[in-house]
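Residues 23 to 341 (the working numbering) are what the sequence shown spells out, left to right. Beta carbons are placed, not taken as given, at the ideal position from N, Cα and C, and that holds for glycine. Have a look at the structure below, then the notes.
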Amino acid sequence: MTAWYAAVDLGASNIKAVVGDEDGTVVSRARRRTPRGPDGDAVADAMVAATRAALSDAGVAPTEIVRCGVGSIGPLDKAAGELGRSANLGPNVDRVPLAKPLGELLDAEVVVINDANAGVIGERFYADRSPDDMAYLTISSGIGAGVAVDGRVLSGWDGNAAEVGHDTLEVGGITCGCGAEGHWEAYCSGKNIPRHARYVHETEGVPTELPLDEIDAKDVFDAADEDPLAERVIERVQAFNAAGIADLVHAYAPLVVYVGGAVARNNPERIVDPVRERLPDLVMTNVPELRLTSLGDEAVVRGALAAAITAADRSQLRP
């Protein structure tokens, strides 16, 4: 008899849900846009709806699910099984219940982990060989990392270890969505690259043909070969990414760093390759191998599925 598991990826833009078996083979998928409000219950309802759709597509009853994994943007309240106020959701979304609504749907244990921790678990679970010391870095709407040291994921008492997107890379710089200044995420995340472009235009006077009030991150990347401001912003993004990843290496000594998230996956030649070239000059310890995620845009949801599968087995990598 097949043992069935469910998993959900709660991102700033999208919610993904899957159903899979004990080997991690995904048999169904569903997706919803992440609601901007009016409150956290609306986000939870969208998660439940996506999970119901995945179950229906798989022909699996909710009561057949052994365990469910949730990989979520932060900050997490691990004890409560909730997402706290996130810089990447609407201003009225204070807390999002994660474990309770899914637990009620499935009548099963729900494992809640940071999305980047899910990335680490997924890369390890699905790989033929992966080292015990590794990291997964997501560069998407926000920036975060999951880290494994000596074969254990560093979760932290509240589930928020390795929130490297909020490392300060420039004192007194651009204000991050969290309210602090100079954070890595404020310069290099998909949500903030347009604001970064406006900041450079205002402070450095770099000319541009871009409509600065209307651009998104894709516009900046698309114009990087022809627009002076776009080129300057991408140069700065590359420098900040290299500095942030060097800090990650010095803190946790990974042998491999997997890089995922939409910004990295859609622009590997401008995000991953330049950092790979710069790291040897920035790192005073061992320089890790830098790889684009092997799991594409499913790194988090498949990692959450792997976390659900391995939660009862301490011999496998788990938080």
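Considering only residues of the same chain and omitting the five flanking positions on each side of residue i, which have a CB-CB separation below 7 Å?
i, result
"residue 231", "249"
"residue 185", "96 and 166"
"residue 200", "109 and 188"
"residue 171", "155 and 274"
What residues in its chain sit with their C-beta under 8 Å from that of residue i, if we drop five residues either side in the sequence?
i, result
"residue 289", "243"
"residue 25", "43, 44 and 88"
"residue 152", "145, 146 and 278"
"residue 216", "234, 237, 238, 239, 241 and 242"
I need the straight-line Cα distance from residue i to residue j, nearest angstrom please.
i, j, result
"residue 79", "residue 51", "8 Å"
"residue 266", "residue 287", "18 Å"
"residue 70", "residue 41", "13 Å"
"residue 262", "residue 314", "18 Å"
"residue 237", "residue 56", "21 Å"
"residue 123", "residue 147", "27 Å"
"residue 274", "residue 157", "8 Å"
"residue 143", "residue 175", "8 Å"
"residue 178", "residue 128", "27 Å"
"residue 99", "residue 204", "25 Å"
"residue 66", "residue 114", "14 Å"
"residue 76", "residue 310", "37 Å"
"residue 74", "residue 82", "10 Å"
"residue 258", "residue 187", "16 Å"
"residue 245", "residue 252", "6 Å"
"residue 136", "residue 240", "26 Å"
"residue 295", "residue 312", "9 Å"
"residue 303", "residue 292", "18 Å"
"residue 212", "residue 85", "38 Å"
"residue 227", "residue 218", "13 Å"
"residue 63", "residue 105", "11 Å"
"residue 235", "residue 256", "18 Å"
"residue 298", "residue 272", "15 Å"
Between the beta-carbon of residue i and the beta-carbon of residue j, is there less than 9 Å?
i, j, result
"residue 316", "residue 145", "yes"
"residue 159", "residue 282", "yes"
"residue 329", "residue 130", "no"
"residue 31", "residue 118", "no"
"residue 280", "residue 141", "yes"
"residue 264", "residue 301", "yes"
"residue 90", "residue 161", "no"
Can you tell me where the alpha helix (DSSP H) with residue i in it begins and where it stops?
i, result
"residue 327", "321 to 332"
"residue 77", "62 to 80"
"residue 240", "239 to 244"
"residue 139", "137 to 148"
"residue 166", "Premise fails: residue 166 lies in the beta strand (DSSP E), 165 to 171, not in any alpha helix (DSSP H)."
"residue 251", "250 to 274"
Keeping to the same chain, check which residues put their C-beta closer than 6 Å to that of residue i; ignore five residues upstream and five downstream.
i, result
"residue 37", "54, 56, 68, 69 and 72"
"residue 103", "120, 121 and 134"
"residue 343", "Not covered by the structure: residue 343. The range shown for the chain is 23 to 341."
"residue 39", "30, 52, 72, 73 and 76"
"residue 193", "204"
"residue 198", "205, 207 and 208"
"residue 195", "203 and 204"
Drop a sphere of 10 angstroms on the beta-carbon of residue i, count the other beta-carbons inside from all chains shown, and report buried for 16 or more, exposed for fewer.
i, result
"residue 324", "buried"
"residue 332", "buried"
"residue 247", "exposed"
"residue 214", "buried"
"residue 138", "buried"
For the ligand PLP, is there any heavy atom lying closer than 8 Å to the beta carbon of residue i?
i, result
"residue 262", "Here there are no bound small molecules, and the ligand PLP is not part of this structure."
Residue i CB to nearest chain B CB: under 9 Å?
i, result
"residue 325", "No chain B is part of this structure, which consists of one protein chain only."
Over the uninterrupted beta strand (DSSP E) stretch that includes residue i, give me the two end residues.
i, result
"residue 198", "It is not in any beta strand (DSSP E) - residue 198 carries neither H nor E in the DSSP assignment."
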